[in-house]
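Chains A and B, in that order, are what the protein sequence lines are.
Add 1 to a position in the first sequence, counting from 1, and you land on the number used in the numbering used here.
Add 1 to a position in the second sequence, counting from 1, and you land on the number used in the numbering used here.
In this text, a Cβ means the ideal position worked out from N, Cα and C, and glycines have one as well.
Below is one structure, written out as structure tokens; comments come after it.
There are 2 protein chains.
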Amino acid sequence: MPEFLTLLPPDEARTLLLSHLSQPIPDSEFIDVPSSLGRILAEDIIAPHPLPDFQRSTVDGYAVHAGDTHGASDSLPAYLNLIGEVPMGNAPAFEISSGQCALIHTGGMLPDGADAVVMLEYTQSVQQKEIEIFRAAADGENVIRVGEDVALGQTIQARGSLLRPAEIGGLMALGIVKVKVVRKVRVGLISTGDEVIDPSQSPRPGQVRDVNSFTLGTLVEKSGGIARLYGIIPDEFDALKKAAAKALSECGVVIITAGSSASTRDMTADVIRSLGAPGVLVHGINTRPGKPTILGACDGKAVIGLPGNPVSALVNGYLFVVPVIEKLLGAHPRPKPTILARLTVNLPSQAGREDWWPVKLRESPFPSKRGGGDEVDANPIFGKSNLIFTLASADGLLRIPPDATGLSAGDVVEVLLI
Amino acid sequence: MPEFLTLLPPDEARTLLLSHLSQPIPDSEFIDVPSSLGRILAEDIIAPHPLPDFQRSTVDGYAVHAGDTHGASDSLPAYLNLIGEVPMGNAPAFEISSGQCALIHTGGMLPDGADAVVMLEYTQSVQQKEIEIFRAAADGENVIRVGEDVALGQTIQARGSLLRPAEIGGLMALGIVKVKVVRKVRVGLISTGDEVIDPSQSPRPGQVRDVNSFTLGTLVEKSGGIARLYGIIPDEFDALKKAAAKALSECGVVIITAGSSASTRDMTADVIRSLGAPGVLVHGINTRPGKPTILGACDGKAVIGLPGNPVSALVNGYLFVVPVIEKLLGAHPRPKPTILARLTVNLPSQAGREDWWPVKLRESPFPSKRGGGDEVDANPIFGKSNLIFTLASADGLLRIPPDATGLSAGDVVEVLLI
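As structure tokens, then:
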């Protein structure tokens, strides 16, 4: 198998692939902010006004001129004249002069002349219009200043930000109800193999149903892409080339899951070479599963050949397809969801090779200390990479780095949640 | 503020709330498996046939009767007669007798009589119909047995399973193209406050735009629910009761974000008491932010009053609303996405209180060892809980447990990714 003579480390292979892609796709669309969950901003958002745009109280109490309370204590209260109550949702119709105060509720607007709020529990109403103040207030105490959340003209969200509930709330707070987001990346998926049939059909002996179009299709969807299925193509160069060329013309990324044998993998590589320059970048990666993965770039677009085995295809989808989608969306890098866990068995590994094991996580019966990673047990699921149910029962993927020659039972390991 | 006399720890408060809810909602719907990403199974799935349902080769090589290769080595090869090639996608039309072999590709169906495959690299073709075998094969070597992935009748996915790419692939592999999933939980959202206006409007002095309907609405969506917005209700008991009763009749959960002052919070509690039994379960939780959170159950449905401050509302949405949705969906518990990071500053905390700090994560300039949690720095974002942009810039929430009296710079802490 000459194609495996030079196996690249996965990190190096990924970097090489990403370096050949065009910059983030410029396509964007305007959508309603409440429907923008999970999308990537296509523009910088500038605050059109400060937030809040009036001074607000953070407590229930009395709006005062702080200087009037200096020195006030339980034994020596200050006495202030109550001149009114701040209505919620309106500017007060009065201002505070020295010696005066006004009842104010949390979120209410400070009257002119007031610069602090004394909490209700440090006050007492002595007569109808006189309030005893038992504690001094500093200038600005219990007050949110104008622009304390966001200043006028501040860039509040940069292009490439992921829109989560908090970002969506921030935009709505500023009255930004529509927003420009990056269009979803279209990813074309081709399954190959004379033995592969559509899942709605009944297999004859020797046939298997297509799995990879659907595992990879939903992975694409989850990662901010739109999957387009180009069907199941027989192991013929011309048929595969035609389908791949069509997919490449309609999509930003093309994934071919190769038939399983060496000859069909070679055919995938030949097709990628025929589609555009530079063609095949990497043929063979030092990882398990996924050694036969082919990474290609054709005129700025990624064309990836994944092994036909369902576990290899999906694991390598996480390793190579997701980063391509993130790069095309222009998404800012974000921490990956991981969990620390304690390995329950020894796991052998070959030095120089990066291994990814499906693991099941279980609460440990013997945790020792908080946050130390041994509150959770990681049980590797053993199975050949043809067995999709080894992944369907896994909570995550455990990485054995290339410089390790295996891991020992009891080691605390990092697990990528899938 | 008498309602805060007994503050419950958040874990205890959550358990109490969940114990008052009806069992998982029985509503389900049939949907196409390729469109089922993120949904929860409403039925156990039983394998309708074994997978694979024929013996398959895992390599390119020669299908043999293992016994014929015993003792074979480089110096003493076994010689076998080549009788054909296994076609991909079809049952071979021949069977292997003693002394015979057949060319087979990865994924091909083993002919009758063969029980192992010798990899191509341990063989040599000497004449047109004679193959030299240099290595002995054990019975079953390089073969996937019938049912090795899944046995006939095995429960492959239990009710409550989350459908991820791997589960979806597993179902398709078995020809299960439609599946019964739990209907999304409807969550009614009510914002209250005389000062609150719709985000599409321009605020007058003293008014603020509604944020909580949208932060909580998208959180609900992300967690497997459907958000229904019941608008912004003024601070009047009858109006709030009417809106809440309507929401409760149409939804499985109702969330009221209270006005910010003590009096409006009390009104929320009174409304919850009026809606059904037992009414308010918890009024005041020993957590920051979120002390004024109200947890209620009305005739088996959760009614939750969250503080009006956007940060408090969203953080407590993660703590209380998400677990309610998960319980109603009947979703199996899953590990939460977390990351270990090194705290960059001291954080004070009050013993007995659980604190949640928004933090920004950054790659550490001084990592010491792999996976030890100090490859990432956690920088707390300081800001009042009225400031939504403290959360919009956060990668996660850092928990200070109730039994701690603060954390120190350099401590390795667990951060919940949001």
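Under the 7 Å criterion on CB atoms, proline 200 (chain A) is classed as interfacial with respect to chain B.
A distance below 7 Å separates the beta carbons of alanine 73 (chain B) and arginine 136 (chain B).
Considered as a whole, the region 380-406 of chain B harbours 389-393 as its complete alpha helix (DSSP H) runs of no fewer than 4 residues, in chain order. Shown here, asparagine 82 (chain B) sits in a strand according to DSSP, grouped into three states. The alpha-carbon of alanine 405 (chain B) is positioned some 12 Å away from that of valine 414 (chain B). By the C-beta criterion, the region 163-177 of chain B is judged not to be in contact with the region 138-153 of chain A, since fewer than 3 inter-stretch pairs fall below 8 Å.
In this structure, lysine 181 (chain A) places its C-beta atom within 7 Å of the C-beta atom of alanine 43 (chain A). Annotation for arginine 274 (chain A): Gly280, Val281 place their beta carbon closer than 7 Å to its own, counting only its chain and skipping 5 residues before and after.
With a threshold of 7 Å between beta carbons, alanine 278 (chain A) makes no contact with chain B. Contact of glycine 407 (chain B) with chain A is not assigned, every C-beta pair being separated by 7 Å or more.
Restricted to the region 128-215 of chain A, the alpha helix (DSSP H) segments that are unbroken, complete and at least 4 residues in length are 166-174, listed in chain order. Listed along chain A are Asp61, His106, Thr107, Leu121, each with a C-beta nearer than 9 Å to that of alanine 263 (chain B). When the Cα atoms are used, alanine 103 (chain A) and glutamate 222 (chain B) turn out to be separated by approximately 42 Å. Under the DSSP definition of a beta bridge, serine 313 (chain A) lacks any partner.
When secondary structure is reduced to three states using DSSP, serine 29 (chain B) falls in the strand class. Contact annotation: proline 51 (chain A) and glycine 148 (chain A) have beta-carbon atoms nearer than 7 Å. Among the residues of chain A, those whose CB is under 7 Å from the CB of alanine 92 (chain B) are Pro206, Gly207, following chain order. Burial of phenylalanine 321 (chain A) is indicated by the presence of at least 16 other C-beta atoms within 10 angstroms of its C-beta. In terms of beta-carbon proximity, isoleucine 169 (chain B) lines the interface with chain A, with at least one pair separated by less than 7 Å.
With 16 or more other CB atoms across the displayed protein chains lying within 10 angstroms of its CB, lysine 302 (chain A) is buried. Scanning chain A for C-beta atoms nearer than 7 Å to the C-beta of arginine 187 (chain B) yields nothing, as the closest lies near 16 Å away. By the beta-carbon neighbour count (other beta carbons within 10 angstroms, threshold 16), phenylalanine 390 (chain A) is buried. Within chain B, the residues whose beta carbon sits less than 8 Å from that of aspartate 211 (chain A) are Met173, listed in sequence order.
Contact annotation for isoleucine 157 (chain B) against chain A: Phe390, Ala393 [CB-CB distance below 8 Å, chain order].
In this structure, DSSP gives leucine 220 (chain B) a helical state, which the three-state scheme calls helix.
Secondary structure at isoleucine 97 (chain A): coil, using DSSP grouped into helix, strand and coil.
For methionine 110 (chain B), the C-beta contacts it makes with chain A under 7 Å involve Pro206, Gly207, in order along the chain. If only uninterrupted beta strand (DSSP E) runs of at least 3 residues are considered, those enclosed by the region 277-353 of chain A are 279-284, 295-299, 302-307, 339-344.
Judged by their CB atoms, alanine 270 (chain A) and isoleucine 295 (chain A) are nearer to each other than the 7 Å cut-off. Note that the C-beta distance between alanine 395 (chain A) and leucine 344 (chain A) is not below 7 Å.
Contact of glutamate 196 (chain B) with chain A is assigned, a C-beta pair being separated by under 7 Å. Interface with chain B (7 Å Cβ-Cβ cutoff): glycine 176 (chain A) is included.
The beta carbon of isoleucine 286 (chain B) sits closer than 7 Å to the beta carbons of Leu8, Leu9, Pro11, Ala14, Lys292, Thr294 from its chain, once the five residues preceding and following it are set aside; these are given in chain order.
For glutamate 222 (chain B), a Cβ of chain A is located within less than 7 Å of the residue's own Cβ. In the DSSP assignment, the residues bridged to tyrosine 63 (chain A) are A:Leu104, A:Val119. Here alanine 259 (chain A) carries a coil assignment [DSSP, helix/strand/coil].
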